[in-house]
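Undergrad: Residue numbering for the sequence shown follows the working numbering, beginning at 76 and increasing consecutively.
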Amino acid sequence: MKRRSLLKALAAVPFVAHAASPGKEKSVKELQENWKTFLPAGATVPSPAEPLKLSKDEWRKRLPGPSFNVMREEGTERAGTSPLNDEKRAGIYACAGCGLPVFTSEMKFESGTGWPSFFTTIPGAFDMKKDFYLIYPRTEYHCKRCGGHHGHLFDDGPPPTGQRYCNNGVALKFLPKDAKA
Ligand SMILES: [Zn+2]
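1) Within this structure, are the beta carbons of P139 and N160 separated by less than 8 Å?
2) Is it the case that the Cβ atoms of C173 and P121 are separated by a distance below 8 Å?
3) Under the rule that 16 or more other beta-carbon atoms within 10 Å means buried, what is R164, buried or exposed?
4) If we ignore side chains and look at the alpha-carbon of each, how far apart do P176 and A200 end up?
5) Apart from the five residues on each side of it in sequence, which residues of its chain come closer than 6 Å, Cβ to Cβ, to V245?
6) Use the C-beta contact count for G98: other C-beta atoms within 10 angstroms, 16 or more gives buried, fewer gives exposed.
7) Could you tell me if R239 is buried or exposed, where buried requires 16 or more neighbouring beta carbons within 10 angstroms of its beta carbon?
8) Comparing alpha-carbon positions, which option in T236, L250, L228 and G232 lies nearest N243?
9) Please state the DSSP three-state secondary structure of H93.
10) On the CB-based measure, 16 or more other CB atoms within 10 Å of its CB, does A169 come out buried or exposed?
11) Would you say M182 and F194 are within 8 Å of each other, going by their C-beta atoms?
12) Relative to the C-alpha of F249, which residue among L129, P115, I167 and E215 is closest?
13) Ligand 1 heavy atoms versus the CB of G244: any closer than 7 Å?
14) Suppose you measure from the CA of A254 to the CA of N109; what does that come to, to the nearest Å?
Right, here's the structure in full:
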């Protein structure tokens with residue numbers, strides 16, 4: 076009952092792509108191709124072609140507790156707890172485990188769910204997998220480079236893709252394009 080009214084409330088929240096400016100709609104292809112323009116000046120980032128493989132103990136040492144729980148044990152952070160929900164600056168969202176760029180600020184939208192949400196990704200950032208934790212199958216996605224769990228993909232996102240990448244904030248690291256902004 077509680078869950079149903081929550082879902083109803085969420086359905087009533089309009090989806091707004093805050094990065095889109097009227098009359099200047101970019102195609103998904105453009106958003107995906109121009110991701111490097113969102114990197115901070117002089118930043119060097121890894122590529123999915125250089126895999127990062129560590130043991131569970133090494134990950135435990137490397138990641139803060141909440142990130143370890145989400146990324147290596149498939150946990151979910153509490154809704155509304157991530158400071159990245161309100162992040163509106165231009166920049167890159169990178170994997171908190173390995174630094175691989177996964178989204179740009181132009182791909183983010185306000186979903187009203189309490190988790191950072193994106194309607195597309197930087198090409199090749201994630202691998203997809205079906206999980207069955209909640210009776211019905213969900214598409215879970217993992218960082219292509221380090222295998223870290225990030226979140227789930229839903230098909231109730233805004234145009235132009237209709238996709239919603241519901242990402243745990245603790246699995247992301249934000250790199251502002253202008254470090255002084
Ligand atoms: Zn990673």
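Backbone N, C-alpha and C define an ideal beta-carbon position, used for all residues, glycine too.
TA: With the given structure in hand:
1) no
2) Cβ distance < 8 Å, so C173 and P121 count as in contact.
3) exposed
4) Looking at the two C-alpha atoms, the distance is approximately 7 Å.
5) P141, S142, V145 and E152
6) With a pLDDT of only 43 at G98, under 50, the local geometry of the prediction cannot be trusted, and no value is derived from it.
7) buried
8) L228
9) The pLDDT assigned to H93 is 48, lower than 50, so where the model puts this residue is not dependable, and the model offers no usable value.
10) Under this definition A169 is a buried residue.
11) yes
12) When each option's Cα is compared against that of F249, the closest is I167.
13) no
14) Roughly 19 Å between the two C-alpha positions.
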